[in-house]
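Visitor:
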Amino acid sequence: MESASVPSNEHASTTGSNANSSSVRAKCDPAWDHVTEELKDGKSSYRCIHCGKSYKGGGINRMKRHLAGIKGDVAAYLKNKQKKDQEASNYSPLEDSPEFEDVQEITPRGRGLGRGNRSGPCSFPSKSNLGKRKVGDIGNYFAPRTTPGAQPSIKSVLAGKEKKWKVDMAVARWMYDACIPINVVNSSYYQPMFNAVASYGPGYRGPNYHALRVPLLREAKREVQLIVDSHRSYWADTGCTLMADGWTDTRHRTLINFLVYCPKGIIFIRSVDASDFVKDAINLSNLFDEIVSWVGPASIVHLVTDNAANYVAAGRILCGKYRNISWSPCAAHCLNLIFKEIGKMDHVAKLAKRASKITVFIYNHVALQAWLRTRKNWTEIVRPGPTRFATTFIALGSLKEHKHDLQALVTSKFYIESRYAKDKKAKAVVKIILDNQFWNDCHVIVHIM
56 MESASVPSNE HASTTGSNAN SSSVRAKCDP AWDHVTEELK DGKSSYRCIH
106 CGKSYKGGGI NRMKRHLAGI KGDVAAYLKN KQKKDQEASN YSPLEDSPEF
156 EDVQEITPRG RGLGRGNRSG PCSFPSKSNL GKRKVGDIGN YFAPRTTPGA
206 QPSIKSVLAG KEKKWKVDMA VARWMYDACI PINVVNSSYY QPMFNAVASY
256 GPGYRGPNYH ALRVPLLREA KREVQLIVDS HRSYWADTGC TLMADGWTDT
306 RHRTLINFLV YCPKGIIFIR SVDASDFVKD AINLSNLFDE IVSWVGPASI
356 VHLVTDNAAN YVAAGRILCG KYRNISWSPC AAHCLNLIFK EIGKMDHVAK
406 LAKRASKITV FIYNHVALQA WLRTRKNWTE IVRPGPTRFA TTFIALGSLK
456 EHKHDLQALV TSKFYIESRY AKDKKAKAVV KIILDNQFWN DCHVIVHIM
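For what it's worth, my numbering labels the leading residue of the sequence shown as 56, then goes sequentially.
(1) So, with DSSP's three-state summary, where would you put L314?
(2) The alpha helix (DSSP H) spanning L373 covers which residue range?
(3) Using beta carbons (cut-off 8 Å, strictly below), is V437 in contact with chain B?
(4) In three-state DSSP terms, what is T429?
(5) Would a C-beta distance cut-off of 8 Å place F343 and A407 closer than the cut-off?
(6) Could you tell me the alpha carbon to alpha carbon distance between L185 and D96, rounded to whole angstroms?
(7) If you run the structure through DSSP and keep just helix, strand and coil, what is V501?
(8) Quick check: what's the CA-CA separation for G294 versus A369?
(9) So who's on the other strand from Y101, going by DSSP bridges?
(10) What are the start and end residues of the beta strand (DSSP E) that includes S243?
(11) Could you name each continuous alpha helix (DSSP H) segment of 4 residues or more that falls completely within the segment 295-361, going from the start of the chain to the end?
(12) For the candidate residues F332, G301 and I355, whose alpha-carbon lies nearest to that of N362?
(13) With 16 other CB atoms within 10 Å as the buried threshold, where does G167 fall?
(14) If you drop the 5 nearest sequence neighbours on each side, which residues of the same chain put their C-beta closer than 6 Å to that of V283?
(15) Leaving out the 5 sequence neighbours to the left and right, which residues in its chain are closer than 7 Å to L464 when beta-carbon positions are compared?
(16) Hey, out of S109, H89 and G351, whose CA is closest to N379's CA?
(17) Starting from W290, trace the alpha helix (DSSP H) in both directions and tell me its first and last residue.
(18) How long is the line joining the alpha carbons of P318 and P85, rounded to whole angstroms?
(19) Taking just the CA atoms, how far does N312 sit from I355?
(20) Would you say H357 and S383 are within 8 Å of each other, going by their C-beta atoms?
(21) By alpha-carbon positions, which one of H459, V333, K376 and G398 ends up nearest to Y366?
(22) Would you kindly report the start and end of the unbroken beta strand (DSSP E) that includes S383?
(23) Suppose contacts are defined by Cβ-Cβ distances below 8 Å. Is V437 in contact with A445 by that definition?
(24) Where do the N-terminal and C-terminal ends of the alpha helix (DSSP H) with V239 fall, by residue?
(25) Give the straight-line distance between the Cα atoms of A266 and L272, rounded to the nearest whole angstrom.
(26) Is C295 near the ligand NAD, in the sense that its beta carbon is under 7 Å from a heavy atom of that ligand?
(27) With DSSP as the reference, label V437 as helix, strand or coil.
(28) Name the two residues that bound the continuous alpha helix (DSSP H) containing D460.
(29) Give the secondary structure of E472 by DSSP, where H, G and I count as helix, E and B as strand, and everything else as coil.
(30) Using alpha carbons as the reference points, say which of G256, P257, N241 and M504 lies closest to I393.
(31) Once the 5 residues before and after F416 are set aside, which same chain residues still bring their CB inside 6 Å of it?
(32) Leaving out five residues before and five after H498 in sequence, what residues of the same chain have Cβ atoms less than 8 Å from its Cβ?
(33) For the alpha helix (DSSP H) that contains K412, what are its first and last residues?
(34) Cα separation between L489 and E396?
(35) If you check the beta carbons only, do K98 and K111 fall under 8 Å apart?
(36) Taking F104 as the reference, which of L94, A410, H388 and D88 has the closest Cα?
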């Protein structure tokens, strides 16, 4: 009999242990921080420590619904209801709230979390943070209001077209008064400027003359220097190409722009006035050596310069000093020299001279230009080329495209009855325009080039 009583006691002990452990797990719910339990007549009742409301039965799960403001079998947390009523009374259709910064849905997550684990991701918010959401990175997933095609805000829609028109006119007057080119609106910094002003709000005053000339310019220079430094960190890892671009300005000074290219991008580093020593290969190589020392000799693998004799000699001197650097001429400069040599050929030079007579005659008479511009799909004959010597061949191609328009002009009633038809130079131009051999030669040259 005694042996039979042992299992019974063990069973009772096990049952009690399970009940205690279940009670401990239940009390570890973070919601108990906001609820007190009271025993009345052997029945449990639960009271919210924030609003004082009491409920019988339902356990902690029912109180969670109360705290979260979930309607149903329990009344919503009083402060939640008061907050909603206050927001409804203060709502104005002219106010826009695109980023819902003050609202959060509190979703119970996880089970069996201990009271001491308050810093975990599933801990229940404190009283001060209840019903509020920390602003996160959700804004990164939505395009700004100023992005083309983005949905306009309620405030911007209600503002109306008239208010926007006034703002646009204020910007336009400033640009017209300061003679600012219209294409500045294509700058990547154009719209962000207005976004920054709008985010500041009313009362913003633009920077004055001194601010733009000294502190802001100094800060912009610092930002550019940071970009250069970020590229420099790549030069030692990937290697880079040093490019020397020589050119002549309107004051006939010989300037050399130094640029560095790497897989991350191209960076302008310096511009030097080399008018005094550009013809001397040794002095030119010393200048290149100075730039190489600044960039880092071990980082440079390639040097690109013009194909002029002085640059070629300077490149060879530099490559003799640094064995890891190879030199090559600029491909664009080589093509430019090729165009120059082709243009010197007798047949091409005569053809270009005859074509020049046509363009000079047309552009010296406004009436002839006006008649040609009435032609369908008309474009200007003379168009700038990427290089000086390529312009000649571009003009030949443009003339060939306008062959029928030019022939229609010189055979039209308008031209025959005009005073131009009796001019001696005009007759020579008409003869060229009606010469099929001239157009055949243009076709050959354009086809080859």
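For each residue, glycine too, the CB sits at the ideal point set by N, CA and C.
Guide: Let's see:
(1) Mapped onto the sequence shown, residue 314 falls at position 259. Correct three-state label for L314: strand.
(2) Mapped onto the sequence shown, residue 373 falls at position 318. L373 -> alpha helix (DSSP H) spans A364 to K376.
(3) Absent here is chain B; the protein component of the structure consists of one chain.
(4) Sequence index remark: in the sequence shown, residue 429 carries index 374 (1-based). Coil.
(5) Numbered from 1 along the sequence shown, position 288 holds the residue referred to as residue 343. Numbered from 1 along the sequence shown, position 352 holds the residue referred to as residue 407. No, the Cβ-Cβ distance between F343 and A407 is not below 8 Å.
(6) The count along the sequence shown starts at 1 and reaches residue 185 at position 130. The count along the sequence shown starts at 1 and reaches residue 96 at position 41. A caution first: L185 carries a pLDDT of 47, below 50, which makes its placement in the model unreliable, though a value can still be read off. The alpha-carbon atoms of L185 and D96 are separated by roughly 33 Å.
(7) To locate residue 501, count along the sequence shown from 1; it is residue 446. The answer is helix: DSSP assigns V501 an H, G or I state.
(8) Along the sequence shown, read from residue 1 onward, the residue named residue 294 stands at position 239. Along the sequence shown, read from residue 1 onward, the residue named residue 369 stands at position 314. Answer to the nearest angstrom: the Cα atoms are 21 Å apart.
(9) Within the sequence shown, numbered from 1, the residue matching residue 101 stands at position 46. In DSSP, Y101 forms a bridge with E92 and Y110.
(10) Numbered from 1 along the sequence shown, position 188 holds the residue referred to as residue 243. S243 -> no beta strand (DSSP E), and no H or E assigned at all.
(11) 336-350
(12) Translated into positions along the sequence shown, residue 362 becomes position 307. Of F332, G301 and I355, the residue nearest in Cα terms is G301.
(13) The count along the sequence shown starts at 1 and reaches residue 167 at position 112. The predicted position of G167 is uncertain, since its pLDDT is 42 and thus under 50; no value can be drawn from it.
(14) Counted from its first residue, the sequence shown places residue 283 at position 228. I322, listed in sequence order.
(15) For this step, residue 464 is matched to residue 409 along the sequence shown. So the list reads L423, W426, L427 and Y470, once near-sequence residues are dropped.
(16) As a working note, residue 379 is residue 324 in the sequence shown. Out of S109, H89 and G351, G351 has the C-alpha closest to the C-alpha of N379.
(17) By one-based count along the sequence shown, residue 290 stands at place 235. Taken as a continuous stretch (DSSP letters only), the alpha helix (DSSP H) holding W290 covers P270 to T293.
(18) Locating residue 318 in the sequence shown gives position 263, where the first residue counts as 1. Locating residue 85 in the sequence shown gives position 30, where the first residue counts as 1. When rounded, the distance between both Cα atoms is 54 Å.
(19) Your numbering for residue 355 matches position 300 in the sequence shown. Your numbering for residue 312 matches position 257 in the sequence shown. Roughly 17 Å between the two C-alpha positions.
(20) Numbered from 1 along the sequence shown, position 302 holds the residue referred to as residue 357. Numbered from 1 along the sequence shown, position 328 holds the residue referred to as residue 383. Yes, the pair counts as a contact, with Cβ atoms nearer than the cut-off.
(21) The residue given as residue 366 occupies position 311 in the sequence shown. Among H459, V333, K376 and G398, the Cα nearest to that of Y366 is on V333.
(22) In the sequence shown, counting from the first residue as 1, residue 383 sits at position 328. Element bounds for S383: S381 to P384.
(23) Locating residue 437 in the sequence shown gives position 382, where the first residue counts as 1. Locating residue 445 in the sequence shown gives position 390, where the first residue counts as 1. Contact: no.
(24) The residue labelled residue 239 in the question sits at position 184 within the sequence shown. Here V239 belongs to no alpha helix (DSSP H), and DSSP marks it neither H nor E.
(25) What you label residue 266 is simply residue 211 of the sequence shown in a count that begins at 1. What you label residue 272 is simply residue 217 of the sequence shown in a count that begins at 1. Approximately 8 Å between the Cα atoms of the pair.
(26) This structure lacks the ligand NAD, and indeed carries no ligand of any kind.
(27) Residue numbering aside, residue 437 sits at position 382 when the sequence shown is read from its first letter. In this structure, V437 counts as coil in the three-state DSSP scheme.
(28) Taking the sequence shown and counting its residues from 1, one reaches residue 460 at position 405. Looking at the DSSP string, the run of the alpha helix (DSSP H) that includes D460 is K458 to V465.
(29) Against the sequence shown, residue 472 aligns to sequence position 417. If DSSP states are grouped into helix, strand and coil, E472 belongs with coil.
(30) For the purposes of this step, residue 393 is taken as the residue at position 338 of the sequence shown. Checked all of G256, P257, N241 and M504; the closest Cα to I393 is M504.
(31) Counting from 1 along the sequence shown, the entry for residue 416 is found at position 361. Only V484 meet the Cβ criterion.
(32) Reading the sequence shown from its first residue, position 443 is the one you call residue 498. Counting only Cβ-Cβ distances below 8 Å, and skipping sequence neighbours, we find K455.
(33) Here residue 412 corresponds to residue number 357 of the sequence shown, with the count starting at 1. Residues D401 to Y418.
(34) Counting from one through the sequence shown, the residue named residue 489 turns up at place 434. Counting from one through the sequence shown, the residue named residue 396 turns up at place 341. About 29 Å.
(35) In the sequence shown, counting from the first residue as 1, residue 98 sits at position 43. In the sequence shown, counting from the first residue as 1, residue 111 sits at position 56. In this structure, K111 lies closer than 8 Å to K98 by Cβ.
(36) Position 49 of the sequence shown holds residue 104. The displayed chain sequence assigns Ile, not Phe, to residue 104. The residue with the shortest Cα to Cα distance from I104 is D88.
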